[in-house]
Amino acid sequence: MNHIISTFENFLKPTNTFLKFVIVGIINTCIGLFVIFILLNLFHIGYWASTFIGNATGAAISYILNRKFTFQSKTSVGGSCLRFLAVILISYLAAYSLSDQIINTAYQHTALKILTDKEASVLLGSCLYTFANYFGQKYFVFTR
Numbered sequence: 001m002n003h004i005i006s007t008f009e010n011f012l013k014p015t016n017t018f019l020k021f022v023i024v025g026i027i028n029t030c031i032g033l034f035v036i037f038i039l040l041n042l043f044h045i046g047y048w049a050s051t052f053i054g055n056a057t058g059a060a061i062s063y064i065l066n067r068k069f070t071f072q073s074k075t076s077v078g079g080s081c082l083r084f085l086a087v088i089l090i091s092y093l094a095a096y097s098l099s100d101q102i103i104n105t106a107y108q109h110t111a112l113k114i115l116t117d118k119e120a121s122v123l124l125g126s127c128l129y130t131f132a133n134y135f136g137q138k139y140f141v142f143t144r
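The numbers in the UniProt record's numbering rise by one with no breaks, and the one at position 38 of the sequence shown is 38.
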């Protein structure tokens with residue numbers, strides 16, 4: 001039991017990069033999804049353009065907050081920015097392509113649809129993107 005409490009206490013420490021990344025991720029994901037859904041539903045912009053613009057908005061916020069707050073990185077802006085963009089692009093293309101394929105295959109056979117196919121793809125893609133992005137940033141972009 002003491003091990004569980006100790007693990008939980010370590011997780012909540014202000015130095016825990018994962019917890020900080022989650023907080024930053026919640027902020028930039030909410031802002032990015034807000035932009036995506038506004039573009040998709042209000043302006044009727046297509047899936048790829050909407051997800052790209054929304055994720056670019058979230059990515060800019062993510063870079064600034066993760067560099068300063070999460071990882072407190074001292075790496076050069078030029079080098080880390082290029083690596084960050086590579087991680088973001090690869091994560092984006094992989095996550096949203098995979099989510100679109102999964103939803104187009106599996107969601108078609110669902111009787112009760114709460115979301116449109118594209119909205120479901122966006123939500124699944126967002127989860128996959130966040131997971132891939134964390135590991136890329138932690139181990140490739142903001143190394144100390």
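Ideal placement from N, C-alpha and C gives every residue a C-beta, glycine not left out.
Exercise. So, Asn41 versus Ile88, is the Cβ gap smaller than 9 Å?
Worked result: no
Exercise. Nearest to Ile61 by alpha carbon, out of Val35, Thr75 and Tyr47?
Worked result: Val35
Problem set entry | Rounded separation between Phe69 and Ser97 - CA only | 30 Å
Exercise. Whose CA, out of Val141, Ile53 and Leu82, lies closest to the CA of Val122?
Worked result: Ile53
For this session: Return the Cβ separation of Thr29 and Thr130 in integer angstroms, given the expectation that the two are a contact with Cβ distance under 8 Å.
Result: 6 Å
Problem set entry | Straight-line gap, Leu128 to Ile102 (C-alpha atoms, nearest Å) | 12 Å
Exercise. CB-CB under 6 Å to Ser73, same chain, minus the five flanking residues each way: which ones, in chain order?
Worked result: Arg67 and Phe142
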